[in-house]
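> UniProt numbering puts the first residue of the sequence shown at 1, with every later residue one more than the last.
C-beta: ideal position from N, C-alpha, C; glycine also.
I'd like to ask you about the structure that follows.
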Amino acid sequence: MADHLSSLCQSLFDDKPSSSLHLFHLLRSHDSIKLGLHHFYSLLKTSLRPIGDDDSSLLGFQSWTDQQIQSLLSIGYAIASASRSLTAEQAEPIIIAVVQQLLEFALCYLEKSKFHSDDFTMQNNILQLLEIVLVDGTDRVFEQLELCSVNSLVELLPVVSSDCGVICWMIV
1 MADHLSSLCQ SLFDDKPSSS LHLFHLLRSH DSIKLGLHHF YSLLKTSLRP
51 IGDDDSSLLG FQSWTDQQIQ SLLSIGYAIA SASRSLTAEQ AEPIIIAVVQ
101 QLLEFALCYL EKSKFHSDDF TMQNNILQLL EIVLVDGTDR VFEQLELCSV
151 NSLVELLPVV SSDCGVICWM IV
């Protein structure tokens with residue numbers, strides 16, 4: 001599982017896809033990258049599930065550290081950026097699902113999080129993610145969300161279990 005997420009991150013950050021079509025071709029030719037997207041999707045779904053049985057409980061991401069959320073945002077931002085000019089016909093269903101979950105994650109984060117400091121870095125990063133997901137065709141250059149290695153991004157992701165109860169990600 002870690003290998004698939006690492007492959008996804010390598011393709012997003014190290015290979016620097018020059019176009020959305022490059023990502024499209026990578027997904028069609030590398031199963032590991034596609035599986036990495038599926039694992040990332042599971043992580044996003046888990047982040048939005050309630051913790052516990054009652055409806056008033058916290059969502060999954062509310063138990064995560066800021067570093068874990070930042071790692072998720074960095075990978076999500078890279079996916080959204082790399083896929084933004086794909087048409088719905090060109091995009092794999094998993095890309096569309098990931099982008100939809102990123103949008104839901106960003107909105108839930110802004111709605112549910114309690115902000116107790118004057119540091120608005122995380123909120124700015126969420127807004128940048130929303131902008132890249134929602135605004136098409138602009139050529140804005142955003143600040144790098146977080147400069148760290150691919151391995152660091154993957155290692156910072158929280159441990160979650162998939163819908164079938166299998167652990168999708170373990171921190172090494």
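1) With a threshold of 16 other CB atoms inside 10 Å of the CB of Q70, please say whether the residue is buried or exposed.
2) To the nearest angstrom, how far is it from the Cα of E146 to the Cα of T121?
3) Alpha carbon to alpha carbon, how far is P50 from L58?
4) Between which two residues does the alpha helix (DSSP H) carrying H4 extend?
5) Look up S59 in the DSSP assignment and give the residues it is bridged to.
6) Under DSSP, the alpha helix (DSSP H) around Y97 begins and ends at which residues?
7) Which residues in the same chain have their Cβ closer than 6 Å to the Cβ of L72, if we skip the five residues on either side of it in sequence?
In brief:
1) So Q70 counts as buried.
2) Only weak support is given to the placement of E146: the predicted model assigns it a pLDDT of 46, under 50, and the question is left unresolved by the model.
3) Linking P50 to L58 through their CA atoms gives a straight-line distance of about 6 Å.
4) Looking at the DSSP string, the run of the alpha helix (DSSP H) that includes H4 is A2 to C9.
5) Strictly speaking, residue 59 in this sequence is Leu, with Ser absent from that position. According to DSSP, L59 bridges with P50.
6) Inspection of the sequence shows that residue 97 is occupied by Ala rather than by Tyr. Per DSSP, the continuous alpha helix (DSSP H) segment holding A97 begins and ends at P93 to K112.
7) Excluding residues within five positions, none has a Cβ falling inside 6 Å.
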